[in-house]
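Encoded as structure tokens, the structure appears first; notes follow it.
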Amino acid sequence: MKLLPKLKAWILNIEIRKRFIFFYVFLVFLPACIGIIIYYQKISEITEEEFNESILQTIEQAEINITYRLENIVNLSNIVAYNPNLYQLLTSTNSSSYEQWQDFRELEKLIDGITSTQKSNNFRLFVNPKLMYSREQIHFFSLEELHSLDWFNNMERERGNLFWKTTYFQEYIDRQDGYIISCVRVLRNPKNYEEIIGVLLIDIYEKDFYNIISNTILSMEQQVYIVDNNGIIISHSNKSLVGNTKLSSQIIHTMDKDTKGFFKEQVGDKSNHFIYKQIPLTNWSIVSEVPAGSINKNSDTFNKISGIVFLIGTIIFFILILFLGFASSTHKTNQRIWELTRILNTEGLIGIDNKLDRKSGDLEELEYNIKSIIQTVELLTAKSYKAQLKERESSLRALQAQINPHFLYNTLDTINWMAIKLNAKQISRMIILLSNYFRMSLNSGRDIITIREEVELTKSYINIQNIRFENSFKVTYQIDDAVKNIEVPKLIMQPIIENSILHGIQGKKEKKGNINITVKLINNMLVIKIMDDGIGMNQEVLNKLGKSNGYGLKNIKERLKLFAGSDSKLEIDSNLGVGTVVTIIISVNKNEVN
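Given below as structure tokens:
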């Protein structure tokens, strides 16, 4: 544990240039390791693709050989099926025994003539059980034997087309028993197509197919087999797997996308490569399955050696680049620092402007940030001095402002007494209301007042406007007692009411209407709602109003934002011919609520 502090102290005592070089040389291993991983993965991908392509070529050759073999079987089936005498011989059930014997000899000659060139294939002809040779059991069998077989219905549905009966075990009298694949063709009576007069089977040993595909094996761990479109094995080295499902539905679905190809798929806890080629005459496919690990096994030694060489080369390259780069940059940085230190010591901050050129870079940014900080301090000092001067001017103006309201009140009071002497009661009332309005609005210079004071100020304004417009509108108030002492910015209701009177009610034909003012507390939010039944606005005008923000509404919004922040809102809702509702929402401190 004592080694770590010593190592830390040793690193801190190293020159900054050497420390950077040491640090970045160490970091060279990171890109080098990443590079070797990418290199190894790329080599592995190329190796796998080349191996898969090689296997695919051998499978394609095997598919050609199997297809050739199947085409021969189809041709043989056609020769038998298209023989004009065949149908006459198979329908002679009422002939005498001698005649049937003659027919039997004729059929044997037909089959022997074909099998003489195709000794590996076996021909079986299932005929009407009424024919005497239907129990011959070498080439001729009774049709009744097929009715019990599970694939008989599938065979009937082919309606004369070829049907491939996949691998099954068959016992013979004249040849070796074994797993076979049969080419099946139903023979129907030309005079009555619904009547089956015979079934022709040409048998091929399954081992003949496997001998063809086994030539494609290039690796000890490679498996090659033939499957149908349901993934059921038709030919395999392990005969116990024949007839079982080998491939998953996902693998079968991938193989259905193309007639040939290769892909990698997870099988259990291993990843295997599947290379496949479909056989055109059937719904079969030749499949080669190879574990992913075995493909790169032979090239591992080469990959390791080349990987080590690549790693060493990468490390040397990065060390050289970093060494040259940092040697150059640290030398320039040291020169800059020495020059900056010399100028500050000899000439101060002014010398930086005059003798030190502005350049880009982190160190240069630090230089000018320090300079900017110094200049900012000087600027703030000057602003502080100016602020003190303005404060003194504001004090003088405040004293002057205290004189002006008194003069205004005295003047209004004199005009009021003159109106009383002249018995002008209406003028006197107007002057009293105006005097009260100014007294409350000036309010000793306070910008923040309570809801109670704001409502009183609003009432004074409304009374003045009612005199002006000859009581053409009525106002109702719903003010909760709980909100009366809550403080708000002064004159936030008056501009809205002015709009309601001038643009809403006065815009109506009869120039009469109602205004309703409600002030409530909802979930610690002060909600002021001013509703009128004036002419209202359509959506287009309302949108323009929202974008333009008239002077009065804009002033209210700005003062609300300064007073309550982003929690405050001013919302307008209006319908043409119905009226307008303006809602002010202000967040309230719980301590303000009674």
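Heads up, the sequence shown is in numbering that gives the first Met the number 0, so the first residue is 0 and it goes up one at a time. The beta-carbon is built from N, C-alpha and C at its ideal position, and this holds for glycine as well.
The three-state secondary structure of Q87, taken from DSSP, is helix.
Counting along the chain, Y167 sits inside the beta strand (DSSP E) bounded by residues F162 to Q169. The way I'd put it, the stretch 529 to 540 doesn't touch the stretch 557 to 566; fewer than three beta-carbon pairs between them come closer than 8 Å. According to DSSP, residue pairing for L124 in a beta bridge involves F139 and L199. Under the three-state reduction of DSSP, R174 is assigned to coil, being neither helix nor strand. Taken through DSSP and simplified to helix, strand or coil, V577 comes out as coil.
Contact between S287 and E220 fails: their C-beta atoms lie close to 11 Å from each other, not under 8 Å. At a Cβ-Cβ threshold of 9 Å, L130 and K259 do not count as neighbours. In this structure, the CA atom of N188 is about 32 Å from the CA atom of I233.
Taking a 10 Å sphere around the C-beta of D102, we find 16 or more other C-beta atoms and assign the residue as buried.
Under a 10 Å Cβ-count criterion, K190 is classified as exposed, with fewer than 16 other Cβ atoms of the shown protein chains found around its own Cβ. DSSP places V454 outside any beta strand (DSSP E); the residue lies instead in the alpha helix (DSSP H), whose first and last residues are I450 to R467. In this structure, DSSP gives E193 an extended state, which the three-state scheme calls strand.
In summary, V577 is exposed, with fewer than 16 beta-carbon neighbours lying within 10 Å of its beta-carbon over all protein chains present. Beta-bridge partners assigned by DSSP to P494: none are found. In this structure, DSSP gives I232 an extended state, which the three-state scheme calls strand.
Around the Cβ of P83, a 10 Å sphere holds fewer than 16 other Cβ atoms; the residue is exposed.
In this structure, L525 sits near V487, with a CB-CB distance shorter than 9 Å. Note that the stretch 554 to 564 touches the stretch 573 to 588; at least 3 beta-carbon pairs, one per stretch, sit closer than 8 Å. Under the criterion of beta carbons closer than 8 Å, V226 and W283 qualify as touching, at roughly 7 Å.
For M254, the enclosing alpha helix (DSSP H) starts and ends at S248 to M254.
As the crow flies, the alpha-carbon of E557 is around 38 Å from that of Q425. The secondary-structure analysis by DSSP pairs E288 across a beta bridge with Q222 and F273. As DSSP reads the structure, E264 sits in a beta bridge with N271.
Contact annotation: K489 and R451 have beta-carbon atoms that are not nearer than 9 Å. Separation of F208 and K256 (C-alpha to C-alpha, rounded to the nearest whole angstrom) is 25 Å. Its Cα nearest to that of R68, the residue I278 stands out among I447, I278 and F468. Here M154 is buried. Its C-beta has 16 or more other C-beta atoms within 10 Å. The beta carbon of S94 lies closer than 8 Å to those of D102 in the same chain, with the five residues before and after it left out. In the three-state scheme derived from DSSP, where H, G and I count as helix and E and B as strand, N152 is classed as helix.
For D207, the enclosing alpha helix (DSSP H) covers residues E205 to I212. Using a Cβ distance threshold of 9 Å, S76 and C182 count as a contacting pair. Remark: C-beta atoms of G267 and K245 do not approach each other more closely than 9 Å.
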